[in-house]
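Written below as structure tokens is the structure these notes are about.
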Amino acid sequence: MTILCEHPPAFGGVELEEKNIPVDHDKQENELVLDGGFVVPGTNSFGHTFSQSLYEVNQDYDIESERQKGVEEFYRTNHINQTYGFVKRMREEYGSLNRVEMSIWECYCRSHSKRTIPMRDWLHLTGLIHDLGKVLLHPSFGELPQWAVVGDTFPVGCAFSESIVHHKYFTENPDHNNSTYSSKHGVYSEGCGLDKVSMSWGHDDYMYLVARENKTTLPSAGLFIIRYHSFYALHREDAYRHLMNEEDIENLKWLKIFNKYDLYSKSKVRVDVEEVKPYYLSLIEKYFPAKLRW
949 MTILCEHPPA FGGVELEEKN IPVDHDKQEN ELVLDGGFVV PGTNSFGHTF SQSLYEVNQD
1009 YDIESERQKG VEEFYRTNHI NQTYGFVKRM REEYGSLNRV EMSIWECYCR SHSKRTIPMR
1069 DWLHLTGLIH DLGKVLLHPS FGELPQWAVV GDTFPVGCAF SESIVHHKYF TENPDHNNST
1129 YSSKHGVYSE GCGLDKVSMS WGHDDYMYLV ARENKTTLPS AGLFIIRYHS FYALHREDAY
1189 RHLMNEEDIE NLKWLKIFNK YDLYSKSKVR VDVEEVKPYY LSLIEKYFPA KLRW
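Using our numbering, you'd call the opening residue of the sequence shown number 949 and step up by one each time.
So this is what it looks like as structure tokens:
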């Protein structure tokens, strides 16, 4: 679900596009307004039109190959540069939260939402805010490179699990040959708890710091989701469980529920922001202060 803020405040001199999406209130409760009706597909399952020539198809594959090279280059750069020292520097720099003061809703109006998540209200709010740390890409937040903001996250200060995508590139990471950082436990101990573990730097850890340091009353499962929703080696491959404590094990259950509604859930479905704004503002007021340090 994408929420369009009808009158978003200015942010760093940039205005979001304003749109008015009509809502048919005669539709049944909880039904979302779609962009259009059913259309006969003009492409096959590979994305090619039925009239495309072999030459055009080959061009498509060339484009896909280039895209894949770009993805692999992203992970290569990420895995080389996400060191224990780099993460410590980023946490020191951004942990001061001295860049701006704004509300959750002000920040959200520069971002997007997901499909509606069932059950607990705190889980709804977590779905709303979990990606807001991507403001790190904005010039006023340092305009960090993509490899330091998005992508899979993983612990630093201990051995890199082979279950991490494109693990091969860690051989070029300086920590790979550091005996302190390359053992199974590294600088940590068995069952120490993931809150004691330094994660690769990105939007997950930054938003976790913003929420924690601004004294959110979200339950620990909400903070766990915010910090570890990109930690695929854990919630897909069960890696690093030796560092988890009992609270982590319980919170992981909530993260797996959340992922069902987060991963690959973006769509062209729209809702009117005025319809959902009162509900989400009430949740923000319940779990966060009016203004936060970022």
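Think of the CB as a built atom: it goes at the ideal place given N, C-alpha and C, for glycine as much as any other residue.
Note that the structure is a prediction, hence the values are computed from the model and not measured.
Proximity winner among the options, relative to residue i (alpha-carbon distances)
{"i": "R1184", "options": "A1169, L1171 and K1201", "result": "K1201"}
{"i": "Y1188", "options": "D1220, F1108 and E1120", "result": "F1108"}
{"i": "D1143", "options": "N1046, H1072 and E1194", "result": "E1194"}
{"i": "R1160", "options": "V1048, R1015 and P1237", "result": "P1237"}
{"i": "E1091", "options": "T1128, S1130 and R1047", "result": "R1047"}
{"i": "E1222", "options": "Q1016, W1053, S1013 and N1026", "result": "W1053"}
{"i": "F1089", "options": "S1127, E1049 and H1027", "result": "E1049"}
{"i": "G1081", "options": "C1055, P1103 and K1204", "result": "C1055"}
Coarse secondary structure for residue i, derived from DSSP in three states
{"i": "M1038", "result": "helix"}
{"i": "D1220", "result": "strand"}
{"i": "R1047", "result": "coil"}
{"i": "L1240", "result": "strand"}
{"i": "M1067", "result": "coil"}
{"i": "P1103", "result": "strand"}
{"i": "M1244", "result": "Limits of the chain in this structure are 949 at one end and 1242 at the other, which puts residue 1244 out of reach."}
Environment of residue i [buried if 16+ CB atoms lie within 10 Å]
{"i": "K1116", "result": "exposed"}
{"i": "D1186", "result": "exposed"}
{"i": "K1132", "result": "exposed"}
{"i": "P1226", "result": "exposed"}
{"i": "F1037", "result": "Going by the sequence as given, residue 1037 is Arg instead of Phe. R1037 should be labelled exposed."}
{"i": "G1150", "result": "buried"}
{"i": "M1067", "result": "exposed"}
{"i": "T1164", "result": "buried"}
{"i": "Q1007", "result": "A caution first: Q1007 carries a pLDDT of 48, below 50, which makes its placement in the model too unreliable to give a value."}
{"i": "T1101", "result": "buried"}
Proximity below 8 Å, CB of residue i to CB of residue j
{"i": "G1141", "j": "G1105", "result": "no"}
{"i": "F1179", "j": "T1074", "result": "no"}
{"i": "E1138", "j": "H1086", "result": "no"}
{"i": "L1171", "j": "Y1154", "result": "no"}
{"i": "V1019", "j": "S1148", "result": "no"}
{"i": "L1240", "j": "S1051", "result": "yes"}
{"i": "V1158", "j": "W1242", "result": "yes"}
{"i": "Y1023", "j": "V1083", "result": "no"}
{"i": "D1152", "j": "Y1176", "result": "yes"}
Specify whether the segment 1230-1239 and the segment 1024-1042 touch according to this definition: at least 3 beta carbon pairs, one from each stretch, less than 8 Å apart. no
Do the segment 1091-1100 and the segment 1184-1199 touch if we need at least three Cβ pairs shorter than 8 Å? no
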